[in-house]
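To start, the structure under review is shown below, and the notes come after it.
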Amino acid sequence: MWSVGIEVGVIDGLVGPQTRFAYDAYRRHIQGLAPDTSRDLLMLPQVHDSRFPDPVKTTWPRQNEVTRHYGAVGQNQAMLQLPFQMRLAWDLRTPITRFSIHEKAHDSAARIFGRILSHYGEAEIKRLHLDRFGGCLNVRKMRGGSAYSMHSWGIAIDFDPERNQLNWNRTRAHLARPEYEAFWRFWTEEGWLSLGKARDIDWMHIQAARL
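In the working numbering, the protein residues as written are 16 to 226.
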């Protein structure tokens, strides 16, 4: 797949979001279809939709301003110690107790994870699969796009990617269900943006950047 310009990620024998994206991109290639560049549309200004209220705080930069605000991709990172144990979404045997995140987003994310634990408790967190970690820092281009992903700065976090896949809308994504409203409220009250709430795609994804 590398030979035709498809990024496959680390070859580890595990099936995750990048594997599914690479498979779909290669399928389109061998069928003679144009690459799916729908992710580039996320760089356009956000269109207001009354179903998805704007974040209460908009303190984070817009996507086209992230280099000026955060610096170079992959730099200025800090370790966030989680208040509850998570598990790697595509290998549940792997516990996640901390992860790398941009230092400017660290304190906000730490507060939010604390609120998630206080509100739901560990048993409910597990039941709702909020302990399924889909990644944060990952220097790469957007899946289906040409610009760097917000993960490249460590300012985006993915939750439960198996049940909230990239192109699923609110009719299929579990994180669009009512029981997750408090989860999303904690993030939006600190200005983080949900692509699910904003564009009804990629419900796994939350980022410290506006569209």
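From the three backbone atoms N, C-alpha and C, an ideal C-beta is built for every residue, glycine too. Given the structure is predicted, the values throughout are model-derived calculations rather than measurements.
Assuming the contact rule is C-beta atoms closer than 8 Å, G160 and A191 should be a hit. Round their C-beta distance to whole Å, please.
Within the sequence shown, the letter at position 145 stands for residue 160. Within the sequence shown, the letter at position 176 stands for residue 191. With a Cβ gap of about 22 Å, G160 and A191 do not count as contacting.
Residue interval of the alpha helix (DSSP H) (run including S133):
If you number the sequence shown from 1, residue 133 lands on position 118. First-last of the alpha helix (DSSP H) with S133: 118-142.
Using the Cβ count rule (16 or more neighbours within 10 Å means buried), how would you classify M94?
Mapped onto the sequence shown, residue 94 falls at position 79. Burial call: exposed.
Check each candidate in V81, S123, N91 and name the one with the smallest Cα separation from L97.
The residue given as residue 97 occupies position 82 in the sequence shown. Ranking V81, S123, N91 by Cα distance to L97 puts S123 first.
Just grab the DSSP bridge partners of H220 for me.
Along the sequence shown, read from residue 1 onward, the residue named residue 220 stands at position 205. Answer is D173.
Nearest neighbour of A224, chosen from H166, G136, D146, W183 [CA to CA]
The residue you call residue 224 lines up with position 209 of the sequence shown. For A224, the nearest C-alpha among the options comes from H166.
Near R85, what residues of its chain come up, given a Cβ to Cβ distance below 8 Å and the 5 sequence neighbours on each side ignored?
As a working note, residue 85 is residue 70 in the sequence shown. According to the sequence displayed, residue 85 carries Tyr and not Arg. Around Y85: P76, N91, H117, K119, W168, I170.
Look at I221 and W207 and say whether their C-beta atoms are less than 8 Å apart.
Translated into positions along the sequence shown, residue 221 becomes position 206. Translated into positions along the sequence shown, residue 207 becomes position 192. For I221 and W207, yes; Cβs fall inside 8 Å.
Which one of R178, L152, R83, E196 has the shortest CA to CA distance from Y135?
The residue given as residue 135 occupies position 120 in the sequence shown. Minimum Cα distance to Y135 is reached at E196.
In three-state DSSP terms, what is P193?
Indexing the sequence shown from 1 puts residue 193 at position 178. Here P193 sits in helix by DSSP.
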